[in-house]
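One structure is given here, and the rest of the page talks about it.
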Amino acid sequence: MNESKDFLRTIIDEDLKSGKYKEIITRFPPEPNGFPHIGHAKSICINFGIARDFEGQCNLRMDDTDPKKEDTKYVEALKDAVKWLGFEWNTKVHFTSDYFSKLYDYAVELIKIDKAYVDSLSEEEIRQYRGTVTQSGKRSKYAKRSVEENLDLFARMKNGEFKDGEHILRAKIDMSAANMKMRDPLLYRIRHANHFRAGDKWCVYPMYDFAHCLSDYMEGVSHSICTLEFENNRDIYNWVLNTLKLELPRPYQYEFARLGINYTIMSKRKLLELVQSGEVSGWDDPRLPTIAGYKRRGYTPESILNFCDQIGIAKANSMVDVSQLEFCIRDDLNKKVPRVMCVLDPIKVNIVNYDGCEKIDASYYPHDVPKEGTRELPFSKDIYIERDDFNQNPPKDYFRLTPEQPVRLKHAYIISFKELIKDASGNIIEIKVNYHSDSKSGVDTSGIKVKSAIQWVSAKECKKVEVRLYNRLFLVENPEGIKDINPNSLQIIKNALIEPAVINEKPDERFQFERQGYFYADPIDYTEQNPVFNKIVALKDSWTKKVKTTKTKANKIQIDGEAAPMNEEQNKAFNKYANELKLNNELANILARDEELSHFFEESLSLLNSPITLANMVANEVARELKQTTKLKFTPKQIAELVGMIDDGTISNKIAKQVFEEMAKSGENPNAIVESKGLVQISDPSKLSPIIDEIIAKNPTNVAKFKEGNTKLLGFFVGQVLKTTGGKANPKVVNELVAKKLNE
RNA sequence: UGGGGAUUCGCCAAGUGGUAAGGCACUAGCUUUUGGUGCUAGCAUUCAUAGGUUCGAAUCCUAUAUCCCCAUCCA
Numbered sequence: 001m002n003e004s005k006d007f008l009r010t011i012i013d014e015d016l017k018s019g020k021y022k023e024i025i026t027r028f029p030p031e032p033n034g035f036p037h038i039g040h041a042k043s044i045c046i047n048f049g050i051a052r053d054f055e056g057q058c059n060l061r062m063d064d065t066d067p068k069k070e071d072t073k074y075v076e077a078l079k080d081a082v083k084w085l086g087f088e089w090n091t092k093v094h095f096t097s098d099y100f101s102k103l104y105d106y107a108v109e110l111i112k113i114d115k116a117y118v119d120s121l122s123e124e125e126i127r128q129y130r131g132t133v134t135q136s137g138k139r140s141k142y143a144k145r146s147v148e149e150n151l152d153l154f155a156r157m158k159n160g161e162f163k164d165g166e167h168i169l170r171a172k173i174d175m176s177a178a179n180m181k182m183r184d185p186l187l188y189r190i191r192h193a194n195h196f197r198a199g200d201k202w203c204v205y206p207m208y209d210f211a212h213c214l215s216d217y218m219e220g221v222s223h224s225i226c227t228l229e230f231e232n233n234r235d236i237y238n239w240v241l242n243t244l245k246l247e248l249p250r251p252y253q254y255e256f257a258r259l260g261i262n263y264t265i266m267s268k269r270k271l272l273e274l275v276q277s278g279e280v281s282g283w284d285d286p287r288l289p290t291i292a293g294y295k296r297r298g299y300t301p302e303s304i305l306n307f308c309d310q311i312g313i314a315k316a317n318s319m320v321d322v323s324q325l326e327f328c329i330r331d332d333l334n335k336k337v338p339r340v341m342c343v344l345d346p347i348k349v350n351i352v353n354y355d356g357c358e359k360i361d362a363s364y365y366p367h368d369v370p371k372e373g374t375r376e377l378p379f380s381k382d383i384y385i386e387r388d389d390f391n392q393n394p395p396k397d398y399f400r401l402t403p404e405q406p407v408r409l410k411h412a413y414i415i416s417f418k419e420l421i422k423d424a425s426g427n428i429i430e431i432k433v434n435y436h437s438d439s440k441s442g443v444d445t446s447g448i449k450v451k452s453a454i455q456w457v458s459a460k461e462c463k464k465v466e467v468r469l470y471n472r473l474f475l476v477e478n479p480e481g482i483k484d485i486n487p488n489s490l491q492i493i494k495n496a497l498i499e500p501a502v503i504n505e506k507p508d509e510r511f512q513f514e515r516q517g518y519f520y521a522d523p524i525d526y527t528e529q530n531p532v533f534n535k536i537v538a539l540k541d542s543w544t545k546k547v548k549t550t551k552t553k554a555n556k557i558q559i560d561g562e563a564a565p566m567n568e569e570q571n572k573a574f575n576k577y578a579n580e581l582k583l584n585n586e587l588a589n590i591l592a593r594d595e596e597l598s599h600f601f602e603e604s605l606s607l608l609n610s611p612i613t614l615a616n617m618v619a620n621e622v623a624r625e626l627k628q629t630t631k632l633k634f635t636p637k638q639i640a641e642l643v644g645m646i647d648d649g650t651i652s653n654k655i656a657k658q659v660f661e662e663m664a665k666s667g668e669n670p671n672a673i674v675e676s677k678g679l680v681q682i683s684d685p686s687k688l689s690p691i692i693d694e695i696i697a698k699n700p701t702n703v704a705k706f707k708e709g710n711t712k713l714l715g716f717f718v719g720q721v722l723k724t725t726g727g728k729a730n731p732k733v734v735n736e737l738v739a740k741k742l743n744e
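According to our numbering, the residues represented by the first sequence are 1 to 744, in order.
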């Protein structure tokens, strides 16, 4: 776990501390209309992880409000994913469809308080009436229907008296709301459809915005965590719960950025397209970012969990590099799985001076993996090695077998090149070599230095296996769909050769094929007759990577637009502030452009003739408060009082900010705050000196660093002094004193 | 275009007025019978840009730029 908390956990911490909730309840609320992918895994980790961390609970809830798209098989896939990742839901799986009758009652409630109405506009008309982002919409004439009529109509909608689309239940909010989502959102639609759980019982189905918040509420959810695209829906979420006047505690919605990974597609719609088009073999195709795909490919739940932990949770749209995921699976498997030898592209090697055969005892694990286990490796005259591990005309720094360079057969002997056998067209079909009988692994007395040890299998005893190599499914970083697909994303090797122990002993399901990567015995297609291995991920490879592209950092140039021109009145004010009062242009500009601020400023100026300090206070501090609240708790007079204390040296700017905050919160007079908290600043060097000396004595390493030229540390020392004096030390004086003392 | 979000290294991401965390990637060196692993070191005088406030700004103020979301009877 990271030491630092993400923003959600920070909020929850505060809510718990403030007593807003006694227990933390979250939920993972997928719609069962597709297979879960690694983006869902992120959400699962967040919701179940938070529940675990705060000793609360997380509900698994199927958000099944659209009977047209949902299906039981997706419910099962979702349950599998949660279980596979190692989380447990509380007692049972929840379904929004279980709440249909309660939801219906809430809708009736809304109608009764005249906050919902049955609209009978056509779909097209509804769209038109909604307006656009820049133009407000207009309300349907049906919004005027009486409560009784609405109640009657809604009941008849439920009873199936109308056709799909004939009527619709809407919230009565505001057709001119700037947030489009609040323009009388749809609550219930008529659907004569069979629901996979509710059957034919219902003819009306609730919309997401109505069902979700209430389902959360009914389950006692405290924190309803969803992705960024629901930010605009938060207003409806709150509106529904508030206008129904539900008892506290109630849930609140928080949004985080969904997961994006480069070279992969995460949209459920596009994933479905890939599956249906046959571009992949199914939802569990190992090239897919679905949980089922990763599982089939051989990823471990631990690696996915770790990945989710590493990428963090934030609100900025982001695209994680696949290498981060690959790191997680390598990192996990490195500690766990046996190393074995498999030759993917075999070339025959004949050891001319070796006769007979022998069994070599070889460890499954390298020296740095603290696990035990060995197998017997048959060795004989005829073996196979990887075609790439021999090179007749090696490039510089090639470590493997060449006509001049011997190589070690991993766990066995060193061999030296003797002769090449080629066919009529010049292709190498066999390499003849000599072995060094005194170079056996572990008891090597030959003194021969080799640069590497390569994998091999004995020709007679090795087993033929099928190996499926996966490359990234897409050619481009940000794929749009089938058009970007990598035609070589799957490579099947039918005749790979593997050492016999893997097949006979089956020491594990996952292996590292030495020097190649991690592989997984396919859980479905693997048979005794035709063993199949999926490549999970390649080992890191700093050899083939040596030919690397150099990247250049382009300096981005930003073109700044211009601020809107000032009107006549603003211009007049600006000139007055800049010329008469001698404010700097920035200050004059800020005040002149904001009517509220300029009024505030002029009023305070009439009480205290200190234009510059006042202007600073108003343009910076007052402006901030104005952004956050509509009604200020303090007056221009109080500001004048506060500025007066700065001007006469009673308090420093730093204290002034502290006092200001207090004043903004309580509305108390600055004088009173300063007095009650004893905030008068300390400017007397004789009082400050001992404190500074103490801090210098306590931080010898920082003093040394400072003397070596790290002048930034001056801020550190000043900060420490301010901290120990509770902000009361006069920073200017401290600054001078510290600088003097440090330079002594 | 109205509204809502976001912007800290190639990619994630801490940080909420007092020395710019960490991970991935990358680059060296050491170790290594995996060109793996491990270890060590190196990777942001600067936080989208420009101003302002402050002894001190990634953090506060102002303006600007760029990206994302919203006009499904989907969720």
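Each residue gets a CB set at the ideal place from its N, CA and C atoms; glycine is no exception.
Here the structure is a predicted model, which means the values were calculated and not measured.
Can you tell me whether residue i is helix, strand or coil according to DSSP?
i, result
"Ala697", "helix"
"Ser224", "strand"
"Gln512", "strand"
"Leu420", "strand"
"Asn59", "strand"
"Pro251", "coil"
"Ser604", "helix"
"His40", "helix"
"Cys45", "helix"
"Ala745", "What the structure shows of the chain is the stretch from 1 to 744, and residue 745 is not part of that stretch, so it cannot be assessed."
"Thr290", "strand"
"Glu662", "helix"
"Asp648", "coil"
"Ala564", "coil"
"Leu401", "strand"
"Thr527", "coil"
"Cys203", "coil"
Using the beta-carbon count (16 or more within 10 Å), is residue i buried or exposed?
i, result
"Arg127", "exposed"
"Gln392", "exposed"
"Trp239", "buried"
"Thr96", "buried"
"His367", "exposed"
"Gly447", "exposed"
"Gln638", "buried"
"His686", "Per the sequence presented here, residue 686 reads as Ser, with His not at that position. Ser686 should be labelled exposed."
"Ala564", "exposed"
"Asp684", "exposed"
"Leu248", "exposed"
"Ile559", "exposed"
"Phe519", "buried"
"His192", "exposed"
Determine the contact status of residue i and residue j, defining contact as a CB-CB distance below 8 angstroms.
i, j, result
"Ala257", "Asn317", "yes"
"Ala77", "Ala314", "no"
"Pro378", "Lys359", "yes"
"Asp184", "Arg139", "yes"
"Asp361", "Glu372", "no"
"Val352", "Lys418", "yes"
"Thr383", "Val457", "Here residue 383 turns out to be Ile, not Thr, going by the sequence shown. The answer is yes: Cβ separation under 8 angstroms."
"Leu679", "Leu737", "no"
"Asn59", "Trp89", "yes"
- Task: Can you check the stretch 127-188 for any alpha helix (DSSP H) of at least 4 residues that lies completely inside it and give the ranges in chain order?
- Result: 147-158, all fully within the stretch 127-188.
- Message: Going residue by residue through the stretch 305-348, where are the continuous alpha helix (DSSP H) segments of at least 4 residues, counting only ones entirely within it?
- Response: Runs found: 322-336.
- Item | Touch test, the stretch 204-213 against the stretch 13-28, Cβ-Cβ under 8 angstroms, three pairs minimum | Contact between the stretch 204-213 and the stretch 13-28 is absent, because fewer than three Cβ pairs lie under 8 angstroms.
- Three or more C-beta pairs below 8 angstroms linking the stretch 278-297 and the stretch 513-531: Yes: the two stretches touch, three or more of their Cβ pairs being nearer than 8 angstroms.
- Message: Ignoring anything shorter than 4 residues, give me the alpha helix (DSSP H) runs that lie fully in the stretch 455-519, in order along the chain.
- Response: 500-504, all fully within the stretch 455-519.
- Pick out the complete alpha helix (DSSP H) segments inside the stretch 664-723, 4 residues or longer, and give them in chain order. Entirely contained in the stretch 664-723, the alpha helix (DSSP H) runs reaching 4 residues are, in chain order, 670-677, 685-698, 700-707.
- Does the count of Cβ pairs from the stretch 473-492 and the stretch 384-401 closer than 8 angstroms reach three? With fewer than three CB-CB distances shorter than 8 angstroms, the stretch 473-492 does not count as touching the stretch 384-401.
- Do the stretch 603-610 and the stretch 631-651 touch if we need at least three Cβ pairs shorter than 8 angstroms? With the cut-off at 8 angstroms, the stretch 603-610 and the stretch 631-651 touch.
- If you pair each beta-carbon of the stretch 261-273 with each one of the stretch 223-240, do three or more pairs fall below 8 angstroms? In the pairwise beta carbon analysis, the stretch 261-273 is classified as not touching the stretch 223-240: fewer than three pairs are separated by under 8 angstroms.
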